[in-house]
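Chains as they are written, first to last, in our numbering: chain A, 86 to 421; chain B, 86 to 421; chain C, 86 to 421.
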């Protein structure tokens, strides 16, 4: 037994690592941000955000990418080390030629380090990432979770982004100096077409915030003090308490919120001019934490008749075995 | 005596908690940012910032709000937990219907947690918070101060905000995508109409910065390294030294600055384009730390004939017993 | 020997402090940001960034400044304490009258505290700092380096800034509300005219990021997790890991990156709209970490024929004895 233990220590990943192969199409897709505001995107598997990739630290990942659009693309795996596989990093003209329309490229790499990561196109990022929806979450579970991670009962992903409606139907253009961003979304939807975060008293909630757009967002949560536990997927050595966390493009913050205060609580960008849809106030980057202990039926409640769409924060998919998961709630409409 | 001590421990707040009742009117008010630049605000008790609310952790607070304007409003108590009182959180269509013009609403809640908090309207925040001056400071003293808090000899509040002059006299409008912010204020005034921060050698200065506007501000203090001690009212587990602190909307940072370097020192936003009034340089979000040991009479000093207005940082009101305090220095002019 | 040691302890700086005298001219200078985009600057010694000042904590520094332009200027030594020398802080109308065209001013002060500091003009900062290139690095080595500092094998300085081309040739104007920033540079150059960061496996790399412009930049480094070790020149009590660090104007962050992953890795602002030159994508605030172990000759590599310019990050000058160093790579063209 001592011998086998020594062996396990010498090559600790061998027993755990899985191999995953995923198919990813990039498709011209129309999505709706809110109300009648549609947008032409180059969507991963026809949805914005793209499918959830959820694996374990050390897993071997293969992604076959098919570019079905008329413009060149790549996929960069933001936050992954690509140790020994720099050619898989997905940067056009630096680590590979861009994937031409109609072409396929296969990315193969090890999933490390653990944490909240994401993927996105790296061609003309000012347009493709900023306003063509070319991003999705990439969650890598650690081999050894931290104590706080083991306590988590609800796990939510929130990808923040910004859109300039002037370019909505001009694919191949946009994301240039002087642009006016006028729509602001969580997982591709603006309030009131976003979805509530449903929790119950006693839940230990993990909120994985990902800055996928072009602007900074000062996310404020009412009724709670949360712990800022992870930055860019890495555990902070000195987690701190806050009620407002600023997420800039490229950054990730994982917050731990102890659901100990039943009520109905706003979650919103405190950059106030990000809470409009176009020039219409009370929209944009806002949602509500709903406790199951509290009826949602107050007459004055804007969402009292809200149709609930599960998995909007990938909270259902995250419970499934490791793999890649599309989500019907994010599916757009193919553009021929 | 042992018995009474045991009792006090069992219910520690009973002996300390006070009950406060405050009256708050929301009034159409003209304020002057700097020079001739006036602005139509919906001011709490006719002033910007609104009155200081200063209580102790655990106190019971009642605020009777009278909406004397022609638009709907609420008050949200930013940072307060509202434990068990979520209907007092002040969010229209989520925790209450907005307070209609002419109507009154009474907020009742417990003051917790301790720290630098603030209050603001939560209706059409893009306009009402961003550029109608609907905000004020809410300071909750802790039951058990941290060691550094006990050392403080000067306590200053600085509320940072941004204004787009195009909307100055169009109440009910503004704060929309594409707005050009062209005035930048500390406690509602831009340099040179702001006020110096007066200290003496040996002072332990607490600067409570509150992001009340729409932009990020990189506040730089000359001649000192300060300690970043509190974020959003909560003590940081690992306070750090800096000379520039970035405050985004909704955030609060409490800085501890040891006044050990007599001189005349700039304090300003290092976002350089926030140091103008309109298109006139050397204005905006700037002030000066003046040591009493140094004469202010140098010929070249821009503020050598400055008329000093006490309580501009609520430093006098903060010394008074707990309660709510208007400040004459912030009073505007009623708009009929 | 015991006696001399005791003496050294009693007056520890005496034996170490050096006195330096530097000459600094401010000159109308044309620099090229990228391609054909030139800019009229008021350059320190005719270069942007200005010369490197590199001294040791406690050194006595004298700088004779000659204003050869037609506008008033000063120099502020950002981050230096100016203990007992507040009149040397370089703020017009607060610590001194501005230096008139043709005039000279001598600054004398002690270099403290240690760390990554910088200098810049303090007259009309919205124009002079934001878009006339009036800034340079000021590095103060500590008397007692931290353990991580002793490990460093490569030391790079990156000054980040932003430019609105509309004002390129209108000196005396610009940096006003509503400006559209459309060029984004590291040490005054935009991609592809910036330079690679060359490292070798095993290097311990220090990246000194300085926010010298007007916007926030979310610097993301591929293929590595770095340690955020210093903020504003001061060591952080709880250094943390990240792959993206946000630098606002006035701030400095020193990152420690262990070069353990040979490859070709992007370093770029993740504010995607800062990766253009004007409206042309794939430019702006980007560079590449090149490992010497990897050939740069891939056909697809945008920089395969790049002409390498040493000292672009002041990495060569930083190895020289303490002093002030111009760098040929930053030299502009005199404007008569």
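The C-beta atom is built at its ideal place from N, Cα and C for all residues, glycine as well.
- In chain order, 349 make up the part of chain A whose C-beta sits under 7 Å from the C-beta of residue 180 of chain B.
- Within the region 160–171 of chain A, 164, 166, 167, 168 and 171 place their CB atoms closer than 7 Å to a CB of chain C, listed in sequence order.
- Taking all protein chains in view, the Cβ of residue 316 of chain A is crowded by 16 or more other Cβ atoms within 10 Å, so the residue is classified as buried.
- Nearest CB-CB separation between residue 386 of chain C and chain A: below the 9 Å threshold.
- For a Cβ distance threshold of 8 Å, residue set 262 of chain C lies close to residue 266 of chain B, ordered along the chain.
- Note on residue 402 of chain C: 16 or more other CB atoms within 10 angstroms of its CB, so buried under the neighbour-count rule.
- Looking at B/173, B/176, B/183 and B/204, the one whose alpha-carbon comes closest to that of residue 164 of chain B is B/204.
- When the five nearest sequence neighbours on each side are left out, the beta carbons in the same chain lying within less than 7 Å of the beta carbon of residue 180 of chain A are those of 171, 172 and 174, in order along the chain.
- Taking C-beta atoms as the reference points, residue 167 of chain A and residue 415 of chain A fail to come closer than 9 Å.
- In the three-state scheme derived from DSSP, where H, G and I count as helix and E and B as strand, residue 413 of chain A is classed as helix.
- Rounded to the nearest whole angstrom, the C-alpha separation of residue 380 of chain B and residue 130 of chain B is 37 Å.
- For residue 321 of chain A, at least one C-beta of chain C is nearer than 9 Å to its own C-beta.
- Under the DSSP definition of a beta bridge, residue 365 of chain B partners with B/362.
- Contact annotation for residue 214 of chain A against chain C: 357 [CB-CB distance below 8 Å, chain order].
- Non-local beta-carbon contacts of residue 217 of chain A in its own chain, meaning distances under 6 Å to residues more than five positions away in sequence, involve 126 and 127 in chain order.
- Inter-segment contact for the region 135–142 of chain B and the region 395–412 of chain B is present: three or more beta-carbon pairs are separated by less than 8 Å.
- The C-beta distance from residue 266 of chain C to residue 300 of chain C rounds to 6 Å, short enough to meet the 8 Å contact threshold.
- For residue 102 of chain C, no Cβ of chain B is located within less than 9 Å of the residue's own Cβ.
- Per DSSP, the unbroken alpha helix (DSSP H) holding residue 235 of chain A starts and ends at 232–236.
- Under a criterion of Cβ atoms nearer than 9 Å, no residue of chain B is adjacent to residue 336 of chain A; the nearest Cβ is some 13 Å distant.
- Taking the beta carbon of residue 364 of chain B as reference, the chain C residues within 8 Å of it are 261 and 262, listed in sequence order.
- Taking 9 Å as the cut-off, the beta carbon of residue 148 of chain C is found no closer than this to the beta carbon of residue 195 of chain C.
- In this structure residue 398 of chain B is buried. Its beta-carbon is surrounded by 16 or more other beta-carbon atoms within 10 angstroms.
- Within the region 178–221 of chain C, the runs of beta strand (DSSP E) at least 3 residues long that lie entirely inside it are, in chain order, 189–195 and 200–205.
- Straight-line measurement puts the Cα of residue 309 of chain A at about 8 Å from the Cα of residue 343 of chain A.
- Check the Cα spacing between residue 328 of chain A and each of A/334, A/335 and A/313: the tightest is with A/313.
- In the DSSP assignment, the residues bridged to residue 151 of chain B are B/110 and B/189.
- Residue 165 of chain C sits in coil when the DSSP states are folded into three classes, being neither helix nor strand.
- At a C-beta separation below 8 Å, residue 325 of chain C has these neighbours in chain A: 316, 319, 321, 322 and 323.
- With a cutoff of 9 Å on beta-carbon distance, residue 302 of chain B and residue 161 of chain C are scored as not near each other.
- With respect to chain C, the C-beta atom of residue 146 of chain A has no partner C-beta closer than 9 Å.
- In the three-state DSSP reduction, residue 380 of chain C falls in the coil class, being neither helix nor strand.
- Listed along chain C are 356, 357 and 358, each with a C-beta nearer than 8 Å to that of residue 299 of chain A.
- Taking a Cβ-Cβ cut-off of 9 Å, residue 407 of chain B has no neighbours in chain C, whose nearest Cβ is about 33 Å from it.
- Under the Cβ criterion (8 Å, minimum of three pairs), the region 113–126 of chain C counts as touching the region 275–284 of chain C.
- A contact is defined here as three or more CB-CB pairs under 8 Å, and the region 238–258 of chain B fails this definition with respect to the region 239–258 of chain C.
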